[in-house]
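S.K.: Sending over a structure as C-alpha cells; questions will come in a sec.
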Amino acid sequence: MRTCLRTSAARRRCAQRSITRSRCAEGRSSRTRRDRSRLTTRSPFHGRKRLMLARNMRSPVILAAVAALLIGACAPSGTQSATTQPQPTATSTGPKVLKMARNAEPFSPFVPWQIDDNPALFISVNVYDTLLRTTKDGVGVEPGLASKWESSADGLTWTFTLRDGIKFSDGSALKASDVKGSLDMARGGEKSAWKDNYKAIKEITAVDDKTVKIVLSQPYAPLLSVLAMFSGGILPADMAKATDAKDYDNTMAWKTKGTGAYYSEGWKKGDPIILKRNTNYWKGTPAVDEVRIEYIPDDNTRVLKLQGGESDLVDFVPFSQIAALNGQSGVKAQTFTIQQSAFVILNTSKPPLDDAKVRQALNYATDKDAIIKTVYFGQAKFMNSPIPQGTYWDKSLPGYPYDIEKAKKLMSESSGKAGFKMDMQVRSGNTNFANTAVILKEAWAKLGVTVDIQTLDTAVVRTNYRAGNFMSTPSAWTNDMNDPTEIVNYAMRGGASPFSYWTRYNNPDLNDKITKADLEQDAKKREAQYSEIQKIYLDAAPLVFIAYLGATAGWRNNVDGFFIDGLSYYRFEDVKINK
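Heads up: take any position in the sequence shown, counting from 1, add 542, and you land on the working numbering.
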C-alpha cells in the first residue's frame, strides 16, 4: 500500500482543522477529520474573568513575550448576557428541539466518502451509520451495523453479519448490497476523498442480504478501524452510486437517507440545518425530535446565545471561558479528551534544521507547561510522544521537558552554534498559534536563534508547505481513526508528499518499520513496533512537540447526554432535553 493514507482532498481537511478545528496542518481545505476550529479561532487571552498572566507563567521571559502581544478579544460580559431572555426549547406538548450553534457551516456534500470538512463530518455521523463503530474513548472498535465479524486464518478474508431489522430513514430495509455499494464508492468512487484508506481491499461481495465478505490483497491490520471511520457511512446502493453524478452536488447533496439517528430533508447554505429524528432508528427512537444547527463564526456570540438561552448547545467554547461558564447558573462547559496534538513543524531540509541536535535543542528550550497555562489556560497536556493519546500511544516516553541548560549544550555542539535566523509562518486568524509563536521567539533567543514571525494567509502557508518555502510553522493534528497507521504514514513516513507532514524528514529505516507495522496482525507485536516508531521519531525531533489538546463545548443544564468522543465526533442519539 501507498505510504500516505490520505488523498490530497483528505489532506486538505487537516488544514482546515488547523484553521478552524485543526486536524492536520496542511489540511483539508478550509477537512480530517474534521475542520473544527477548536484550537485556532478562539482567543486564549479573553474571558469573563481575565486570568493573571504572571501567575500562569513560569519565567519572566515568557511573561514579557506574551505581555508584549496579548492577542485576543474581550469575552462577553455578564450584564450583556443578562439582558437576553431565555427562549423555550419546546413546550410540554410540542416537539423537543435542540438548538445548537456551531462555528462553521459545511461545504462538502453530505456524502461520507466525499466529506472534506469537519462541519459536514459532524452531520454525517448523525445521519449515516458505519459497519463498525469506534468506542467513545476513541481507542477500540465495537459493532455498528454489523453485529459480528470473523476473519480467515491468513487475515485476507473478512465476513461481516448485519444486524436484524435495520431500516433506512424512509423505512426501507438495509441489505448487504447497500454495504457493498457504499464501500465500493468509498474505495473507488471518482469523488471519494478517502480512496487510499481502502487500497488493501481487493473485493467486496454481498453473500446474501445479511452477509458481507471483504477480501484483501494483503493482510491489513487497520482494516476494522478503517471500516469504523465516518467515510464508510452506508447509503442505499442506488443512492451511493448516484453520488458520482456531475450534478449530484446541486440536487441531492444535502438530502440524506441513512440508518443513523437523524436525517436531513435538504439544506440551503446560509440557513440553519434541520435534522429530524429517524423513527426507524435501530437503537430506538431518539428523545429529541429535531436538532436545529445554526452557524455563528464568532466565539463570543455563540457563548452569549448559550448564556441567554437562545442556544441549548455550542461548540468551540474558548479555553479562557470554561471556568467562568461553570461558575454561572443554568449552563455548564467542558473540555473533552480527544486525540489531538499541537506542535511546530520544522523544515529539516533547511540548514541548520537538518541537524538533529539543533532540533532537539529547540525542543528542550520550549517551556511546554508555560504554553499550556498561558495559551490553553490549563486545558491541555504535555505532549510526550509524536502521536496523540490513543491506540498504541506510548505513555512511558519522556518527551522534551523544559531544560534550557541542556538545550544550550546541544546547540553548542551543533551546526547552529554560531546562531541563525529562521522564519515562523503563522496562519492569520489563528490566535493560539500566534501566541505560541511569540513565546517561542523569546525562548529560542536564549539559544542565539532569531525568529521572524510571519503572519500569512492560510492559502499562502499551505503553498509554502508544498514548495518547502518555510523553516517553521505552528500546526496541529487530530486523529480520524483509532489506529496510528494514519498519523505515522502521513506525518512520519518520508519520501513522497506530504513529505513527513511537510518536515521533509526521511528515514528509510523508519519507513520500513511503518510498513511492517501495517502488515503485522498480532496486536502485542504491533504495539511494540509502534513504540519503537515513536521513539525513533521523537529522538529525531522533526517537530517541536508541545501539547495534547481537548475539544470544548457548553450547554444548558437541561441538556443531558451530550458527549464528544476520542475522535472528536459527537452524536445526538443519546441527547435528552429535560423540562
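Glycine included, each C-beta is placed from N, C-alpha and C at the ideal position.
All values derive from a computational prediction rather than experimental measurement.
Tell me the DSSP secondary structure of I1088 in three-state form.
M.R.: The residue labelled residue 1088 in the question sits at position 546 within the sequence shown. Three-state result, I1088: strand.
S.K.: Could you check where the alpha helix (DSSP H) with K797 kicks off and where it finishes?
M.R.: Reading the sequence shown from its first residue, position 255 is the one you call residue 797. No alpha helix (DSSP H) contains K797, which DSSP labels as neither H nor E.
S.K.: Check whether the Cβ atoms of Y837 and K818 sit closer than 8 Å, and answer yes or no.
M.R.: Sequence index remark: in the sequence shown, residue 837 carries index 295 (1-based). Sequence index remark: in the sequence shown, residue 818 carries index 276 (1-based). No, the pair does not count as a contact, with Cβ atoms beyond the cut-off.
S.K.: For the candidate residues A643, D1054, P1016, Y790, whose alpha-carbon lies nearest to that of R834?
M.R.: Numbered from its first residue, the sequence shown carries residue 834 at position 292. Of A643, D1054, P1016, Y790, the residue nearest in Cα terms is A643.
S.K.: Quick check on the burial criterion: 16 or more other C-beta atoms within 10 angstroms. Buried or exposed for N1100?
M.R.: Translated into the one-based positions of the sequence shown, residue 1100 becomes position 558. Exposed, since its Cβ has fewer than 16 Cβ neighbours within 10 Å.
S.K.: DSSP three-state call for D909: helix, strand or coil?
M.R.: In the sequence shown, residue 909 corresponds to position 367, counting from 1. Residue state, collapsed to three classes: coil.
S.K.: Per DSSP, which residues does I887 bridge with? Please list them.
M.R.: If you number the sequence shown from 1, residue 887 lands on position 345. The partner list for I887 (beta bridge, DSSP) reads T1015, L1085.
S.K.: S806 and V669 - do their beta-carbons sit closer together than 8 Å?
M.R.: Within the sequence shown, numbered from 1, the residue matching residue 669 stands at position 127. Within the sequence shown, numbered from 1, the residue matching residue 806 stands at position 264. Yes. Within cutoff.
S.K.: Would you list the one or two residues that DSSP bridges to P685?
M.R.: Counted from its first residue, the sequence shown places residue 685 at position 143. For P685, which the question treats as bridged, DSSP gives the partners L674.
S.K.: If you scan the segment 722–780 from start to end, which runs of the beta strand (DSSP E) of 3 or more residues do you find wholly inside it?
M.R.: You should have 743–750, 753–758.
S.K.: Short check: CB of F858 to CB of T1057, under 8 Å?
M.R.: Here residue 858 is taken as the residue at index 316 of the sequence shown, counted from 1. Here residue 1057 is taken as the residue at index 515 of the sequence shown, counted from 1. Going by C-beta atoms, F858 is not nearer than 8 Å to T1057.
S.K.: Do you know offhand how far K937's Cα is from P930's?
M.R.: One-based indexing of the sequence shown puts residue 937 at position 395. One-based indexing of the sequence shown puts residue 930 at position 388. Their Cα atoms are separated by approximately 10 Å.
S.K.: Where does Y1072 sit, in a helix, a strand or coil, going by DSSP?
M.R.: Within the sequence shown, residue 1072 is the residue found at index 530, counting from 1. DSSP places Y1072 in helix when its eight states are reduced to three.
S.K.: Using the three-state DSSP reduction, which class does D1102 fall into: helix, strand or coil?
M.R.: As a working note, residue 1102 is residue 560 in the sequence shown. Correct three-state label for D1102: strand.
S.K.: Between D712 and M1023, what straight-line distance do the alpha-carbon atoms span, to the nearest angstrom?
M.R.: Here the question's residue 712 lines up with position 170 in the sequence shown. Here the question's residue 1023 lines up with position 481 in the sequence shown. Cα to Cα, D712 sits roughly 29 Å from M1023.
S.K.: Please look up how many angstroms separate the CB atoms of M1034 and V993, rounded, as I've assumed it's under 8 Å.
M.R.: On the sequence shown, residue 1034 is found 492 positions in, with the first residue counted as 1. On the sequence shown, residue 993 is found 451 positions in, with the first residue counted as 1. Not confirmed; about 25 Å, so no contact.
S.K.: Can you check whether the CB of L704 is closer than 8 Å to the CB of A688?
M.R.: Counting from 1 along the sequence shown, the entry for residue 688 is found at position 146. Counting from 1 along the sequence shown, the entry for residue 704 is found at position 162. Against a cut-off of 8 Å, the Cβ pair of L704 and A688 comes out as a contact.
S.K.: In whole angstroms, what is the alpha-carbon distance linking L939 and F1087?
M.R.: Within the sequence shown, residue 939 is the residue found at index 397, counting from 1. Within the sequence shown, residue 1087 is the residue found at index 545, counting from 1. Between L939 and F1087, the C-alpha separation is close to 12 Å.
S.K.: Could you please give me the residues that DSSP links to I835 through a beta bridge?
M.R.: As a position in the sequence shown, residue 835 is number 293, starting the count at 1. According to DSSP, I835 bridges with M642, I815.
S.K.: Thinking C-beta only, is Y918 closer than 8 Å to Y942?
M.R.: Here residue 942 refers to the residue found at position 400 when the sequence shown is read from its first residue. Here residue 918 refers to the residue found at position 376 when the sequence shown is read from its first residue. Result no, Cβ atoms of Y942 and Y918 do not sit closer than 8 Å.
S.K.: At what residues does the beta strand (DSSP E) containing R969 begin and finish?
M.R.: Position 427 of the sequence shown, counting from 1, holds the residue named residue 969. Counting along the chain, the beta strand (DSSP E) containing R969 begins and ends at 962–969.
S.K.: Report the rounded CA-to-CA distance for D1116 versus Y1047, giving the unit in angstroms.
M.R.: Along the sequence shown, one-based indexing puts residue 1116 at 574. Along the sequence shown, one-based indexing puts residue 1047 at 505. Each residue's Cα considered, the two are about 44 Å apart.
S.K.: Could you round the C-beta distance between T933 and V681 to whole angstroms and report it? I think they count as a contact, below 8 Å.
M.R.: For the purposes of this step, residue 933 is taken as residue 391 along the sequence shown, with counting starting at 1. For the purposes of this step, residue 681 is taken as residue 139 along the sequence shown, with counting starting at 1. So it is a contact: roughly 5 Å between Cβ atoms.
S.K.: Assign D994 to one of three DSSP states: helix, strand, or coil.
M.R.: To locate residue 994, count along the sequence shown from 1; it is residue 452. The answer is strand: DSSP assigns D994 an E or B state.
S.K.: Excluding the five sequence neighbours on either side, which residues of its own chain have a C-beta within less than 7 Å of the C-beta of Q967, listed in chain order?
M.R.: One-based indexing of the sequence shown puts residue 967 at position 425. Q996, L998, V1003, N1006, F1012, T1015.
S.K.: With the cut-off set at 8 Å, would you say A718 and D750 are in Cβ contact?
M.R.: If you number the sequence shown from 1, residue 718 lands on position 176. If you number the sequence shown from 1, residue 750 lands on position 208. In contact: A718 and D750 (Cβ atoms closer than 8 Å).
S.K.: Less than 7 Å between C-beta atoms, sequence neighbours within five positions excluded: which residues of the same chain meet that for S650?
M.R.: Along the sequence shown, one-based indexing puts residue 650 at 108. Cβ contact annotation for S650 (same chain, cutoff 7 Å, sequence separation greater than five): Q656, I657, D658, D659, A662, in chain order.
S.K.: Could you tell me the distance, in whole angstroms, from the CA atom of D726 to the CA atom of P1050?
M.R.: Position 184 of the sequence shown holds residue 726. Position 508 of the sequence shown holds residue 1050. Near 33 Å, if we compare the C-alpha coordinates of P1050 and D726.
S.K.: Within 10 Å of its beta-carbon, does K847 have 16 or more other beta-carbons around it, so buried, or fewer, so exposed?
M.R.: The residue labelled residue 847 in the question sits at position 305 within the sequence shown. Around the Cβ of K847, a 10 Å sphere holds 16 or more other Cβ atoms; the residue is buried.
S.K.: Mapping the DSSP letters down to three states, classify L895 as helix, strand or coil.
M.R.: As a position in the sequence shown, residue 895 is number 353, starting the count at 1. Correct three-state label for L895: coil.
S.K.: Between D1064 and Q1071, what straight-line distance do the alpha-carbon atoms span, to the nearest angstrom?
M.R.: As a working mapping, residue 1064 is identified with position 522 in the sequence shown. As a working mapping, residue 1071 is identified with position 529 in the sequence shown. Going from the Cα of D1064 to the Cα of Q1071 covers about 11 Å.
S.K.: For W759, which residues of its own chain have a beta-carbon under 7 Å away from its beta-carbon, when the five flanking residues on both sides are left out?
M.R.: Residue numbering aside, residue 759 sits at position 217 when the sequence shown is read from its first letter. A small fix is needed here, since residue 759 is Ser in this sequence, not Trp. Excluding positions up to five away in sequence, the list reads A742, K744.
S.K.: Tell me whether I1029 sits in a helix, a strand or coil according to DSSP, three-state version.
M.R.: Here the question's residue 1029 lines up with position 487 in the sequence shown. I1029 falls in the helix class under three-state DSSP.
S.K.: Less than 8 Å between the C-beta atoms of A903 and L989, yes or no?
M.R.: Position 361 of the sequence shown, counted from the first residue, corresponds to residue 903. Position 447 of the sequence shown, counted from the first residue, corresponds to residue 989. Yes. Within cutoff.
S.K.: Measure the beta-carbon distance from D671 to T801 and round it to whole angstroms, keeping in mind my assumption that it falls under 8 Å.
M.R.: Translated into the one-based positions of the sequence shown, residue 671 becomes position 129. Translated into the one-based positions of the sequence shown, residue 801 becomes position 259. Contact flag correct, Cβ pair sits at about 5 Å.
S.K.: Roughly how many angstroms separate the alpha carbons of L1080 and N977, rounded to a whole number?
M.R.: Within the sequence shown, numbered from 1, the residue matching residue 1080 stands at position 538. Within the sequence shown, numbered from 1, the residue matching residue 977 stands at position 435. Roughly 24 Å between the two C-alpha positions.
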